[in-house]
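Residues 1228 to 1611 in the working numbering are what the sequence shown lists, from first letter to last. The next block holds one structure in the form of structure tokens; read it before the comments.
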Amino acid sequence: MCSILYAMPVEETQALIIGASCSGLACAAALGRKKIDYRIIEKQDRVAAPWSQHYERLHLHTGKGISNLPFKHFGKDIGRYPSRAQVIAYLEDYQRDLGINPIFNTKAVSARRSHGYWRTQTETGTFRSNYLIMATGPYGKPKEVSFKGMETFPGQILHSFQYKNGRNFKGQRVLVVGFGNSACEIAIDLYEQGAFPVMSVRSPVNVIPRDVFGIPVLTLSRILSPLPPHIADLLGAPLARLIVGDISKLGLKKPPYGPIEQVHRNGNAPVLDIGTIEHIKKGRIQILGEMDQIEGNEVQFMDGQREAFDAIVACIGYSRDDLAILDIEKRRLDDLKFRASKQQFFGEDGLYFCGFWISPTGQIREIKLDALRIARHLAAQDTF
Ligand SMILES: Cc1cc2nc3c(=O)[nH]c(=O)nc-3n(C[C@H](O)[C@H](O)[C@H](O)COP(=O)(O)OP(=O)(O)OC[C@H]3O[C@@H](n4cnc5c(N)ncnc54)[C@H](O)[C@@H]3O)c2cc1C
1228 MCSILYAMPV EETQALIIGA SCSGLACAAA LGRKKIDYRI IEKQDRVAAP WSQHYERLHL
1288 HTGKGISNLP FKHFGKDIGR YPSRAQVIAY LEDYQRDLGI NPIFNTKAVS ARRSHGYWRT
1348 QTETGTFRSN YLIMATGPYG KPKEVSFKGM ETFPGQILHS FQYKNGRNFK GQRVLVVGFG
1408 NSACEIAIDL YEQGAFPVMS VRSPVNVIPR DVFGIPVLTL SRILSPLPPH IADLLGAPLA
1468 RLIVGDISKL GLKKPPYGPI EQVHRNGNAP VLDIGTIEHI KKGRIQILGE MDQIEGNEVQ
1528 FMDGQREAFD AIVACIGYSR DDLAILDIEK RRLDDLKFRA SKQQFFGEDG LYFCGFWISP
1588 TGQIREIKLD ALRIARHLAA QDTF
């Protein structure tokens, strides 16, 4: 096998970017501006592939003003929170307008540093580069759906990445497992399409309004971000409570820390409420506790309640994929708990990561900053 791979063609480039969605495109544009020679490879056959797979109702939860990649804004005709289709169109235009030419259907299967170069193996060939930029995203692998007794359930059980829209669930009682941003939007979608959504919520949650008196909450979060997370949360809490209300009255539990601290502690974003809470208050979306097990069409909950459902949508999130292709010391991955500007090993051995840190002020915004920083750092190297 090894000898076959090594017989494949070797392409040389200064920098290889793996992944052609938000992070990869942002890096390509930033490197292009600095006249740095690069190649960008993508395992799918199009840019922004994950966005074309997400559910149809999805809109950015972060405003368009902070969700653009370097050198190009969203169009003036697009609303504050672009839809999934508008994000895809923006990224396709971005690729074209910034002259980025990804090499599609090219999956990196391994990458290792050898004799001062990165040697990246794909399924069809090899790249030799001075620099390697990982832009494969923190959400590559849907978490496995595994509920006790799920094999006895007669209806559909699907992960949120398989959910497209609520049309097929009209009139059905659907259990949405989880209370993250996708779960909350999917529950609304189900309600709007005539289904009866019920949410199973296991863990305490931080819920903040997406807008505060017409201002995107992430704008306020950016103002507070220089402060220690718990202080920033203390200052933001009264406003959130005023708008969202007391979620414990709705059957939800709050963690002992606020939304900004949550991102720093656990690396996951708080719920930016786009109307789910109002639907819960009006009884259109029901809240139940943690699931225990499934028995036929019934779900038994930890508190002893038992309810029948027609379908289950598991909004249980994603984990990182494909960093296993990197032959590096594990401690380098600890860096991904930080933005590029705070990474201890940033650029060491010519290796960069873009877009892995989950930012409390908007991830696409952070991707843009990461990409510009990587390009500046590369341009300052003496190989150019
Ligand atoms: C449902 C959802 C909603 C989100 N909403 C927002 C939002 O409102 N605002 C915001 O700021 N952020 C949001 N995010 C977070 C984040 O901005 C997006 O996930 C964004 O797409 C991340 O871009 P990325 O390029 O880093 O990763 P991805 O978009 O995941 O792209 C990674 C790319 O790498 C490719 N790839 C992976 N492995 C390989 C390989 N081995 N070889 C070649 N190619 C490979 C993949 O095919 C993919 O195209 C959301 C995320 C999700 C999942």
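Glycine included, C-beta positions come from ideal geometry on N, C-alpha and C. Small disclaimer: the values here were computed from a predicted structure and weren't measured.
The shortest CA-to-CA distance from G1405 to any of G1352, H1281, P1497 is the one to P1497. Between the segment 1431-1441 and the segment 1518-1528, the count of Cβ pairs shorter than 8 Å is below three; the stretches do not touch. Per DSSP, the unbroken alpha helix (DSSP H) holding P1465 starts and ends at 1456-1471. With contacts defined by Cβ atoms closer than 9 Å, L1359 and L1596 do not form a contacting pair. Cβ contact annotation for A1541 (same chain, cutoff 6 Å, sequence separation greater than five): V1372, H1386, V1404, in chain order. Contact between A1256 and F1298 holds: their C-beta atoms lie close to 6 Å from each other, under 8 Å. The C-alpha of T1446 lies about 9 Å from the C-alpha of I1293. Linking I1594 to T1363 through their CA atoms gives a straight-line distance of about 12 Å.
In this structure, the beta-carbon distance from P1456 to G1485 falls below 9 Å. Residue pairing for I1543: DSSP places it in no beta bridge. Closest option to P1309, judged by alpha-carbon separation, among T1289, Y1282, E1419: T1289. For H1386, the enclosing beta strand (DSSP E) has its first and last residue at 1383-1386. Per DSSP, reduced to three states, the secondary structure at K1368 is strand.
G1502 has its alpha-carbon roughly 14 Å from the corresponding atom of L1477.
Counting along the chain, S1279 sits inside the alpha helix (DSSP H) bounded by residues 1276-1280. Under DSSP, F1354 takes part in a beta bridge, and its partners are E1238, T1347. Put simply, of P1365, I1315, R1339, A1312 the residue whose alpha carbon is nearest the alpha carbon of D1548 is P1365. Here the alpha carbon of G1463 sits roughly 46 Å from the alpha carbon of S1356. A straight line joining the alpha-carbon of I1601 with that of R1394 spans about 43 Å.
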